[in-house]
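Comments concern the structure below.
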Amino acid sequence: MSDNRLAALYARHSGKVSDKWASYLREYERLFSPFREDPIDLLEIGVQNGGSLEIWARYFPQARSIIGCDIDPACGELTFEDPRIAVVVGDAGTQEIAERIVGLSERFHLVIEDGSHRSGDIIQSFCRYFPRLLDGGLFVAEDLHCSYWHEFEGGLYDPHSALAFFKRLADVINRDHWGLDQAVRDALAPFAIHYGLDLDEIPYERIHSISFLDSLCVIDAAPASETGLGMRVVTGTQESVCQGNREVEGTPSRALDQRDALWSNADAPAVRDVQSPDAMVAFYHKAVAELSLQSRQGRAHDQAELQSLAGQLDRLRQEHAALGVRAAELEGNVNTLRAACNRHLEELERQNDRHLEELEQRRASHLAEIHGERARHLEVVESLQEAHRAERDENAVLSHHVAGLNQSIASLHRSLSWRLTAPLRLGLDGARAFGSGVGYLGDVVGHGGGLGGTLKLTREVLREEGLRGVLWRLNNVRKLRAAPVPGQEPEGSASQPSNNYGLWIQRYDRLDEAARERMRGRIETFDPAPLVSVVMPVYEPPVALLDAAIRSVRDQIYPHWELCIADDASPNAEVRALIERHMAEDARVKAVFRAENGHISAASNDALALATGDFIALLDHDDLLAEHALFWVAETIVSRPGVGLIYSDEDKITEDGRRYDPYFKCDLNQELLLAQNMISHLGVYRRRLVEEVGGFRLGFEGSQDYDLALRVLEHLDSDQVHHIPRVLYHWRSIAGSTALAVHEKSYATAAARRAVGEHLERLGRDAEVTPAPGAPVYSRVRYALPDPLPSVSILILTRDRADLLETCIGSILSLSTYPDFEILVVDNGSVEPRTKRLFSLLPSDRVRVIADDRPFNFSALNNVAARAARGEMLCLLNNDIEVLTPDWLEEMVSFAARPDVGCVGARLWYPDGRLQHGGALLGVGGVANHAHLFAARGDFGYFGRAVLHQEFSAVTAACLTIRRSVYEEVGGMDEDLAVAFNDIDFCLRVRQAGYRNLWTPYAELNHHESASRGAEVTPEQQARFVGEVERMRARWGDALIEDPAYSPNLTLDHVDFSLAWPPRVALIGGAAVGVPLRAAV
1 MSDNRLAALY
11 ARHSGKVSDK
21 WASYLREYER
31 LFSPFREDPI
41 DLLEIGVQNG
51 GSLEIWARYF
61 PQARSIIGCD
71 IDPACGELTF
81 EDPRIAVVVG
91 DAGTQEIAER
101 IVGLSERFHL
111 VIEDGSHRSG
121 DIIQSFCRYF
131 PRLLDGGLFV
141 AEDLHCSYWH
151 EFEGGLYDPH
161 SALAFFKRLA
171 DVINRDHWGL
181 DQAVRDALAP
191 FAIHYGLDLD
201 EIPYERIHSI
211 SFLDSLCVID
221 AAPASETGLG
231 MRVVTGTQES
241 VCQGNREVEG
251 TPSRALDQRD
261 ALWSNADAPA
271 VRDVQSPDAM
281 VAFYHKAVAE
291 LSLQSRQGRA
301 HDQAELQSLA
311 GQLDRLRQEH
321 AALGVRAAEL
331 EGNVNTLRAA
341 CNRHLEELER
351 QNDRHLEELE
361 QRRASHLAEI
371 HGERARHLEV
381 VESLQEAHRA
391 ERDENAVLSH
401 HVAGLNQSIA
411 SLHRSLSWRL
421 TAPLRLGLDG
431 ARAFGSGVGY
441 LGDVVGHGGG
451 LGGTLKLTRE
461 VLREEGLRGV
471 LWRLNNVRKL
481 RAAPVPGQEP
491 EGSASQPSNN
501 YGLWIQRYDR
511 LDEAARERMR
521 GRIETFDPAP
531 LVSVVMPVYE
541 PPVALLDAAI
551 RSVRDQIYPH
561 WELCIADDAS
571 PNAEVRALIE
581 RHMAEDARVK
591 AVFRAENGHI
601 SAASNDALAL
611 ATGDFIALLD
621 HDDLLAEHAL
631 FWVAETIVSR
641 PGVGLIYSDE
651 DKITEDGRRY
661 DPYFKCDLNQ
671 ELLLAQNMIS
681 HLGVYRRRLV
691 EEVGGFRLGF
701 EGSQDYDLAL
711 RVLEHLDSDQ
721 VHHIPRVLYH
731 WRSIAGSTAL
741 AVHEKSYATA
751 AARRAVGEHL
761 ERLGRDAEVT
771 PAPGAPVYSR
781 VRYALPDPLP
791 SVSILILTRD
801 RADLLETCIG
811 SILSLSTYPD
821 FEILVVDNGS
831 VEPRTKRLFS
841 LLPSDRVRVI
851 ADDRPFNFSA
861 LNNVAARAAR
871 GEMLCLLNND
881 IEVLTPDWLE
891 EMVSFAARPD
901 VGCVGARLWY
911 PDGRLQHGGA
921 LLGVGGVANH
931 AHLFAARGDF
941 GYFGRAVLHQ
951 EFSAVTAACL
961 TIRRSVYEEV
971 GGMDEDLAVA
981 FNDIDFCLRV
991 RQAGYRNLWT
1001 PYAELNHHES
1011 ASRGAEVTPE
1021 QQARFVGEVE
1031 RMRARWGDAL
1041 IEDPAYSPNL
1051 TLDHVDFSLA
1061 WPPRVALIGG
1071 AAVGVPLRAA
1081 V
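For what it's worth, UniProt numbering labels the leading residue of the sequence shown as 1, then goes sequentially.
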């Protein structure tokens, strides 16, 4: 849970600046904490930048009003998102300003005086606002160390300083004991006279206490009935030492008469000297005599010293004249040398400039070569990695399948029928092999070293491995013959060239003239055709790249656009000349040229001010738009009238125009968006919304578009955000660009993290934003746990395998730091003594065991456990799970407790360190499969998706946490899905009910998958599996291959986010490829 103490709030604060001493924060925590949950009214005099008002608003969440007052007119320009905060500009000590403050709140619980620190102003504030304190309220005067300084109307012995005033108020508290006929106003009269104050309005009888701390004074207000000593209270009956106490029971204090006392009758309360007048006169006479003697002696000494000094002065004048002549000679020499040096320096500077220019040209050329070579290497590496991942996945799947088949085959081979039919079977298999191998018999003989070598090898294989070995080798020769020739594109729809993005572009991302004409025909039907304003801030780009960026807009198929450029005072005059040339050639190009550099946010706002379209599209000064980009944007605007934000897929492009590294995004994924800017390029916004949220914010440079997207999204429903699954934006990778490497602009990462933090604050979510562990270019959001913590029931199904269950429960009990959980074990027919013994040893206060001996049905058994559970949260957990991170439950509960969240899944590892569960992808492999299956630790996955919290349509129930109320709302698990896909179906029904399903990589556990059930190889099991697949397809249909957490441009054949061949969208050339197709937009 987040630390909400005042010091912690100050440490996390990232808004307006506030300045307090460390001791103040400690004392304010002690003094103010009783008010935290009350609907208080607070007044702070002196607010400077306004940061303290923002912090008070967070510290007092139930406060009615938080009012600041400052004499500086600039404070009137401060704005605050919290409507409870108000600022009054003026002198708080004047009647006019006091009336304005009281107009906002007549009474206060807390008044903090942190204004000019001048004694007169502090006393005036006390006189005006202490009467406005409610009973139990506090008046705090800060920075009273200024009362010791003359510059602030003070001094250690100044009788009129603010500290002297508050000390005198301590006497006022004890006024009943003065023993004088003197009124309070008389004791305070020196202050009233000195500062011209009216002290009669102060309710002195309500001053309950005055506390002095270093530089602080705290005055506590209370009802008059609660101040003063009150009556004497006497208890007990035995008075063996001092008698007569019982007689004063119930009597008030009686002061002794002090009217004749020396120190009670002074004319003023200042310290006075009480020596007699005669003694003072004698002292002064003696002092005058001593001073006279010293004066006479001093005059004689001064006369002699004067004569000596006159002689020295004459000698110095002579020396000065000689030095003047010498100085004139030296000055002439210096001027001659200076002129020679200046000529030499100018020549050196000219040589240096030429040298630097040559070095810069070489550097630019070298960098261009490096970046080009790097891009080419990346393509090769991507192809190799893709081939390796595909081979690894296939090997793992085949190994698992072979193990099951071998078990069945071994059982079959032991049967009598198999042995009896062996001769017949051998003949048939041999005939089939011979028949299928005739077509490539020449290849077989060639690879066997000729006919003789082939026959010899065949005999050896038959003897050692049997006919299976021969057939396996024949099949390998057939595959080798069918493999494509390197460098030659495979023919037919079955050939899939892995992750070769260049080939993918050639096949699926090329426009022909017929496609352009179809788009132009569609544009003519738009009524009205929306105007799109392309906003481009410019600062000192390579001129050729700026020219290409502008031309990519001018070459758009969609004609209804305007390009709004703001040049941020680029030093290179060619930049302005190029922009002006494009303006002269095309009236749709508009520009403003800033007089001074203000960085990208300021420049973007100036470009935005030029826009007149209903939508704005963001374009960097060296990037490119695909020629059909604005067509698809306009198509979306026309077909979805309520849309407020549109984004597309993107890739990177080298300086020489080669495209690589495509990011095929999913639909809006709120949790992923908090970890990375998945909107990015191309981002298109309804202009009205951008203006309503204040445009681009200064201080967020490098992530200004990310911050804008987060603020705009706060005003939109999810159906008003649309993703176009097409590469419409090419992000230029050059030195200094984040397209090349994020570390090029580390300040952008810091700004992104601040943007997310403030976004969560505006949404009222208590969360901390930190670098993602192991992937600091991304962010992690840690949500505060609810208070009180919900109880959790961990549901574990088991059948024998005591070794697995003992490891599972032992790791939960020994590692988990979550305080409130129970473990509910459902025993599904265990018979082994070791298992029974383990049940008897489990701690009964944390673990319950219930028996259910029905045939294994994962759904039914979990429904039984859910009905028996006592917790507000349910955590479905396999018995072959082992906890790795102690705060795994805190992490999952922090997500599952949110009202819009349904299922929460964890990151599961195989014991060998490969990833077992990173979320589930619908349609991959048929119904669903695990994202990034078998990925190694440290592998970021596809654009960080293997290491970031995010939404998935489904997560595995091997470790799944959900609120009990949601589980019951959707009717639990479907008991017709006994073994496979029950968790996928359950998650889809939870999503259908309006909840989001999430996966977090920060709850980590090991998973020995299905270790207690073994492989499914019997005909009955295989038939059941086929039936479950058909049930899922019948129920969910196309939803199984239209996963909003996945891209239709990525494959359904593998789990590694590789390219789809073909993509499941309509080709931009117009032909439909793939079934089913995603909509055109």
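Every residue gets a Cβ at the ideal spot worked out from N, C-alpha and C, and that includes glycine.
(request) Going by CA-CA distance only, name the one from Ile653, Ala57, Ile85, Tyr28 that's closest to Leu138. (result) Tyr28
(message) Rounded to whole angstroms, what is the Cα-Cα separation between Arg937 and Leu618?
(response) 36 Å
(message) According to DSSP, simplified to helix, strand and coil, what is Phe165?
(response) helix
(message) Among Gly502, Ala958, Trp504, Glu627, whose alpha-carbon lies nearest the alpha-carbon of Ile550?
(response) Glu627
(message) Are there any heavy atoms of the ligand SAH lying less than 7 Å away from the beta-carbon of Glu29, as far as the coordinates show?
(response) In terms of ligand content, the structure shown is empty, and the ligand SAH therefore cannot be addressed.
(message) Could you give the first and the last residue of the continuous alpha helix (DSSP H) run that contains Asp606?
(response) Per DSSP, Asp606 belongs to the alpha helix (DSSP H) from 599 to 610.
(message) Taking the straight line between their C-alpha atoms, what separation do you get for Tyr663 and Ala57?
(response) Approximately 41 Å between the Cα atoms of the pair.
(message) Does the stretch 522 to 537 come into contact with the stretch 552 to 566, if we say contact requires no fewer than three beta-carbon pairs (one atom in each stretch) closer than 8 Å?
(response) yes
(message) Could you check whether the stretch 657 to 676 touches the stretch 717 to 735, counting it as contact only if at least three pairs of C-beta atoms, one from each stretch, sit closer than 8 Å?
(response) yes
(message) Please classify Arg354 as buried or exposed, where buried requires at least 16 neighbouring CB atoms within 10 angstroms.
(response) exposed
(message) Please classify Ala775 as buried or exposed, where buried requires at least 16 neighbouring CB atoms within 10 angstroms.
(response) The residue in question, Ala775, is buried, as its Cβ has 16 or more Cβ neighbours within 10 Å.
(request) With distances taken Cα to Cα, identify the nearest neighbour of residue 1083 among Glu701, Phe1057, Arg640, Cys903. (result) With the chain represented from 1 up to 1081, any question about residue 1083 goes unanswered, as that position is not in the structure.
(request) Could you give the DSSP three-state label for Ser211: helix, strand or coil? (result) strand
(message) Could you tell me the alpha carbon to alpha carbon distance between Arg799 and Ala1003, rounded to whole angstroms?
(response) 26 Å
(request) Label Cys69 either buried or exposed according to how many other C-beta atoms from any shown protein chain fall within 10 Å of its C-beta, with 16 as the threshold for buried. (result) buried
(request) Taking 8 Å as the cut-off, decide whether the C-beta atoms of Leu877 and Ile794 are in contact. (result) yes
(message) Does Gly230 come out as helix, strand or coil in the three-state DSSP assignment?
(response) coil
(request) Pick helix, strand or coil for Trp561, following the three-state DSSP scheme. (result) strand
(message) Out of Lys590, Ile173, Gly90, Leu1050, which one is the CA nearest neighbour of Asn500?
(response) Leu1050
(message) Using 8 Å as the threshold, is the C-beta distance between Gly115 and Tyr195 below it?
(response) No, they are not a contact pair.
(request) Tell whether a beta-carbon distance below 8 Å holds between Val826 and Ile850. (result) yes
(request) Going by CA-CA distance only, name the one from Met973, Gly923, Trp909, His949 that's closest to Leu1040. (result) Gly923
(message) For Met892 and Ala906, I'd like the C-alpha separation in whole angstroms.
(response) 8 Å
(message) Quick check on Phe32: buried or exposed, where buried means 16 or more other Cβ atoms within 10 Å of its Cβ?
(response) buried
(request) Taking Pro703 as the reference, give the member of Glu691, Ala750, Arg688, Val712 with the closest Cα. (result) Checking the sequence shown, residue 703 turns out to be Ser, not Pro. Of Glu691, Ala750, Arg688, Val712, the residue nearest in Cα terms is Ala750.
(message) When you compare the CB positions of Met873 and Pro773, do they come within less than 8 Å of one another, or not?
(response) no
(message) Can you tell me whether Phe152 is buried or exposed? The criterion is at least 16 other CB atoms within 10 Å of its CB, across all chains shown.
(response) buried
(request) Spatial neighbours of Ala603 within its chain, please: CB distance less than 6 Å, with the 5 preceding and 5 following residues excluded, ordered by chain position. (result) So the qualifying residues of the chain are Pro537, Ala566, Asp568.
(request) State buried or exposed for Met231, treating a residue as buried only when at least 16 other CB atoms are found within 10 Å of its CB. (result) exposed
(request) Following the continuous beta strand (DSSP E) through Val979, name the residue where it begins and the one where it ends. (result) Careful: Val979 lies outside any beta strand (DSSP E) and carries neither H nor E.
(message) Using only the alpha-carbon positions, how far apart do Glu226 and Arg5 sit?
(response) 31 Å
(message) So, does the stretch 969 to 985 touch the stretch 850 to 865, judging by three or more C-beta pairs under 8 Å?
(response) Touching, per the Cβ criterion.
(message) Quick check for students: name the residue ranges of the alpha helix (DSSP H) that lie wholly in the stretch 909 to 982, counting only runs of 4 or more.
(response) Runs of alpha helix (DSSP H) with 4 or more residues, each lying fully within the stretch 909 to 982, are found at 964 to 969, listed in chain order.
(request) Could you pull out every residue in the same chain whose Cβ sits closer than 8 Å to the Cβ of Glu594, ignoring the five residues on either side in sequence? (result) The sequence given here has Arg at residue 594, not Glu. So the list reads Ala566, Asp567, Asp568, Ala569, Ala602, Ala603, Asp606, once near-sequence residues are dropped.
(request) Return yes when the Cβ of Val727 is within less than 8 Å of the Cβ of Glu671, no when it is not. (result) no
(message) Give me, in chain order, the residues of the same chain whose beta-carbon lies closer than 7 Å to that of Asp135; leave out the 5 immediate sequence neighbours on both sides.
(response) Ala221, Ala222, Pro223
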